[in-house]
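A.B. asks:
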Amino acid sequence: MTVLEIHGLSKHFHGLKALSNVDLTVEEGEIVGIIGANGAGKTTLFNCVTGAFPPDSGSVSLDGKDITGMSMHRLAGAGLARTFQLMRPFSTMTVVENAMVPAMHQHHLSAADARDRAMDAIAMVGIETWANDVSGSLPAGVLKRLELARVLALEPRVLLLDEVLAGLVPAERTPVLDLLERLRHERGVTMVFIEHIMAAVRRLSDRVVMMDQGEVIASGDVDAVLSDPHVVEIYLGKEYDRA
-1 MTVLEIHGLS
9 KHFHGLKALS
19 NVDLTVEEGE
29 IVGIIGANGA
39 GKTTLFNCVT
49 GAFPPDSGSV
59 SLDGKDITGM
69 SMHRLAGAGL
79 ARTFQLMRPF
89 STMTVVENAM
99 VPAMHQHHLS
109 AADARDRAMD
119 AIAMVGIETW
129 ANDVSGSLPA
139 GVLKRLELAR
149 VLALEPRVLL
159 LDEVLAGLVP
169 AERTPVLDLL
179 ERLRHERGVT
189 MVFIEHIMAA
199 VRRLSDRVVM
209 MDQGEVIASG
219 DVDAVLSDPH
229 VVEIYLGKEY
239 DRA
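Heads up: the sequence shown begins at -1 in my numbering, then just goes up one per residue.
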């Protein structure tokens, strides 16, 4: 069953082609990896899908319903949530308070119920130790997992992850990857993720989409895309190919 469908999505900024006629279909329970160099249009794609930017043309559908240009908070309530590259928690609030905010505002839960849901999300990402710490004092690795906890408190059906491993040391990455796999298998969360770490792309992805200069230039099986000569030439490099 198709959950997320993007058709002909385009976006320009003062003559700069950020997205050009992008098509992408995501099936229920699937994990799709998006790769490409900085400036390839990956985050712009997420921004247009989630309502941060209105696309110039094209459409986005969630469960067959047109959501093109719908606001972020309405999309979050409909089950589509995302993380951001830059972590911006409420720095004077505790970890649990940060995770309570989306649950209270999107699902209109009481403070007690929102706290329970927030603690569940915090436990899932393994940061219970910091639950009552003010988020402004936390290290980057904990903040990255707090970003995940905040979207998990929404109980999303489709999750867009923008470089969720960025800033994490290798020892911190494995628990996050384990968590994402559990979300798919135990909670049926469909995911689209932007990532530069190829080991993570290989481990998680059912399919991979390669973007360059706002266009999709390759899409399909992980091994097929990552061994595509054009993808190797313009993104991965010959060192990766030899390895």
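Each residue gets a CB set at the ideal place from its N, CA and C atoms; glycine is no exception.
Please read these numbers as outputs of a predicted model, since none were measured by experiment.
How would you write the range of the alpha helix (DSSP H) that E179 sits in, first residue to last?
C.D. replies: 168 to 185 is the extent of the alpha helix (DSSP H) around E179.
A.B. asks: Can you give me the C-alpha to C-alpha distance between A164 and M(-1), rounded to a whole angstrom?
C.D. replies: If you take the alpha carbons of A164 and M(-1), they lie about 31 angstroms apart.
A.B. asks: If you draw a straight line from the alpha carbon of A129 to that of N96, how long is it in whole angstroms?
C.D. replies: If you take the alpha carbons of A129 and N96, they lie about 10 angstroms apart.
A.B. asks: Counting pairs of beta carbons, one from the stretch 165 to 179 and one from the stretch 204 to 220, are three or more of them closer than 8 angstroms?
C.D. replies: Contact fails: fewer than three Cβ-Cβ distances are below 8 angstroms.
A.B. asks: Who are the Cβ neighbours of S8 in its own chain at under 7 angstroms, not counting the five residues just before and after it?
C.D. replies: Answer for S8: L17, S18, N19, P53, D54, S55, G56, listed in chain order.
A.B. asks: Does DSSP classify T188 as helix, strand or coil?
C.D. replies: T188: strand per DSSP, three-state reduction.
A.B. asks: Taking its Cβ as the centre, do 16 or more other Cβ atoms sit within 10 Å of L224, making it buried, or is it exposed?
C.D. replies: Under this definition L224 is a buried residue.
A.B. asks: Under 8 angstroms Cβ to Cβ from V30, same chain only, skipping five residues before and after it: list those, please.
C.D. replies: For V30, where only same-chain residues beyond five positions count, the Cβ hits under 8 angstroms are L22, V24, M189, V190, F191, S203, D204, R205, V206, V207.
A.B. asks: Which residues in the same chain as I232 place their Cβ atom closer than 7 angstroms to its Cβ, once the five residues preceding and following it in sequence are excluded?
C.D. replies: D210, listed in sequence order.
A.B. asks: How many Å lie between L14 and D118 at the Cα?
C.D. replies: C-alpha separation (whole angstroms): 43 angstroms.
A.B. asks: Three or more C-beta pairs under 8 angstroms: does that hold for the stretch 56 to 75 against the stretch 108 to 126?
C.D. replies: The answer is no - the stretch 108 to 126 does not touch the stretch 56 to 75, with fewer than three Cβ pairs under 8 angstroms.
A.B. asks: For the alpha helix (DSSP H) holding F44, just list the boundary residues, first then last.
C.D. replies: Here the alpha helix (DSSP H) through F44 covers 40 to 47.
A.B. asks: Between the stretch 107 to 118 and the stretch 58 to 70, do at least 3 Cβ pairs fall closer than 8 angstroms?
C.D. replies: Touching, no.
A.B. asks: Output the distance between the C-alpha atoms of T48 and V230, rounded to the nearest integer angstrom.
C.D. replies: Distance between the alpha carbons of T48 and V230: 30 angstroms.
A.B. asks: Can you grab the Cα-Cα spacing for the pair L181 / H194, in whole Å?
C.D. replies: Each residue's alpha carbon lies about 21 angstroms from the other.
A.B. asks: Rank E145, D64, L78 by C-alpha distance to the C-alpha of R155 and give the top, closest one.
C.D. replies: Of the listed residues, the one whose Cα sits closest to R155 is L78.
A.B. asks: When you compare only the Cα positions, how much space is there between T66 and R86?
C.D. replies: Cα-Cα distance, rounded: 25 angstroms.
A.B. asks: Based on the DSSP secondary-structure assignment, which residues constitute the bridge partners of R205?
C.D. replies: In the DSSP output, where bridge partners are listed per residue, R205 has V30.
A.B. asks: What is the DSSP secondary structure of R113, reduced to helix, strand or coil?
C.D. replies: Residue state, collapsed to three classes: helix.
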